[in-house]
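Sequential numbering of the sequence shown, starting at 626, is according to the working numbering. Notes to accompany the following structure.
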Amino acid sequence: MYEAEVPKATYVRSVSMEEAPLRNLRELAWFERNLDAGVSTLHLDDERLIAGDWDGGIHCWDLEGERLWHAQTSNRVSDFALGGDFLFAVCGRDIVCLNLESGEVRWEVELEGSSDLVACTPDGSTILATSSVFDLEMNDFLESTFWRFNAEGELLRQDSINERPWSIEMRDDGVAFLPLSRPRCGMIRSEADGLHHRPLPTSSPATCGSSGQSHTVIGHADGTLTAIDDGMVMDDETYTNQPGSIESISATAPGFLVAIAIESGAVGAGFGGAEGIARAYDQNGTLLWQIETPLGRNIEHVVYGPTIANNSTAWVVSWDDQLSIIETRTIPNGDSVMRIEMESRANVVIGNTQYMALGFDDGSVFLLQGDLLTRRLSSEGDSEGDEHRSTLADKLRRLRS
């Protein structure tokens, strides 16, 4: 159970994915929508669900499932940012600004290379986008460019570096922080006057980041977790280093979740033969429980989801090139809520205390709601119990006769 890697926990509860009751996602969903292309990104807030797809479509629904608008852009939608009355999207080689209420395109600008990330200030007055150039022969990114715009789409600055950023956090004043890959690694501080590089405590490249709490948590390829608060590295021991590359992080009020990939032959790979690990920690950094997946099944998403039967929930999504398994556990105990299997890859999963949204490679989009989940899971459980009791009664009658 990797106890050598988690000194803060005197006991680690490991739970298997198979022990959870299997449920049908379509029967549990608040609503389902189907797009003509795979889902590439999602945005979920208190009023709407927005989906971007691989063909450049942007689709917006209210939380009752009514379509509000649809817009068509040039290519795959990589990322969203909302500011003021505007939605900013990076699509293929472009950044596009849309009216949030109508979906009308206000302006679009072509970038160099493939667009990756976008962020903006809360009022939408300053927007930062990144793009990158990938070399097929070297199988690596050669260059990334930072693009800074105002609300009217006017380019304020353009700066290039040799690394690719993997996440972005933007302050209200327009200063942004982006952790980097090789060769320099570290972090970029992007301001109105340009880019400023600074090292981080680890020289390992960043793999992902989460800004769900008052600070940002960055995951690294060597298993290090770095906490950043307003551009400064936090000097605490909340985030325990992990035994493999960090694949996904979710950091919100109940604590934080982390998904780890254990490469074959790496330290820790022999403990149960697991290739993927999902861990749940409380807000003080104490390990609550973990899930280990069999060899070949990688955990791609960990996220906090809606409250079910008065319990906070954690959702762990894995993929083995054939089947997606969505595992739901309670916080803090790790008790099984349900398991869902889908014959399509879950490309994006986002949630909050009321809703959970999932977007799949086959174009399906599902929204789940906590109160409805509680009722439907309870009714399914009663139905299954009645069926089980009926079967036992039939067996007993046959034995008596």
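By construction, the Cβ of each residue, glycine as well, lies at the ideal position given by its N, Cα and C atoms.
Going by DSSP in three states, residue i sits in which element: helix, strand or coil?
i	result
G819	strand
L992	strand
E644	helix
G893	Since pLDDT at G893 reaches only 48, below the 50 mark, its modelled position is unreliable, and the value read off the structure follows with that caveat. Looking at G893 - three-state DSSP - the assignment turns out to be coil, as it is neither helix nor strand.
T698	coil
S839	coil
S1003	helix
L997	helix
L650	helix
G690	coil
E733	strand
G898	Summary for G898: the model assigns pLDDT 46, below 50, so the residue's position carries little reliability, and this model does not support an answer.
N787	coil
N958	coil
A905	strand
I853	strand
D680	coil
D748	coil
G880	strand
D710	coil
Thinking residue i and residue j are a contact (beta carbons under 8 Å), I'd like their distance in whole angstroms, please.
i	j	result
V734	D719	7 Å
T953	G930	7 Å
E872	A884	4 Å
L753	L725	In fact, because the Cβ distance is near 18 Å, the residues do not count as touching under 8 Å.
Do you know offhand how far residue i's Cα is from residue j's?
i	j	result
G897	L781	Residue placement at G897 is flagged as unreliable, the pLDDT there being 46, under the threshold of 50; a coordinate-derived value is accordingly withheld.
S870	R904	13 Å
L774	G749	Note that residue 774 corresponds to Phe in the displayed sequence, not to Leu. Between F774 and G749, the C-alpha separation is close to 10 Å.
P830	A654	38 Å
L820	P646	50 Å
T770	I813	12 Å
N700	E862	42 Å
N787	V664	29 Å
T609	Q908	In this structure the chain extends from 626 to 1026, so residue 609 is not present and cannot be described.
S806	I843	12 Å
E768	P824	19 Å
D996	N935	9 Å
L920	S835	27 Å
D860	H822	19 Å
S815	P790	12 Å
N923	S969	14 Å
T832	R692	35 Å
T865	S839	18 Å
E644	D671	33 Å
R731	T698	12 Å
V800	S961	42 Å
S740	M967	29 Å
M963	E794	33 Å
Who are residue i's beta bridge partners in DSSP?
i	result
I951	V942, I965
H845	A831
C810	None; C810 has no bridge partner.
S870	A886
T863	According to DSSP, which records beta bridges pairwise, T863 is partnered with nothing at all.
L780	F774
A934	Looking at the DSSP assignment, A934 forms no beta bridge with any residue, so it has no partner.
N977	Partner(s): none; N977 has no beta bridge.
I675	H668, C685
P804	M812
G984	V973, V990
E768	V758
R658	V990
T911	DSSP output for T911 lists no bridge partner at all.
S739	S757
D719	C716, E735
S875	L882
D797	D797 is not bridged to any residue.
Are the beta-carbon atoms of residue i and residue j separated by less than 8 Å?
i	j	result
V758	V715	no
F705	C722	no
G990	L660	Contrary to the premise, residue 990 reads as Val rather than Gly in this sequence. A contact, by the Cβ cut-off of 8 Å.
P957	L913	yes
V928	T666	no
T955	T938	yes
I853	F802	yes
T746	D797	yes
W940	M981	yes
T851	T877	no
R648	I965	yes
G690	I683	no
W694	C685	yes
G880	A662	no
F656	L992	yes
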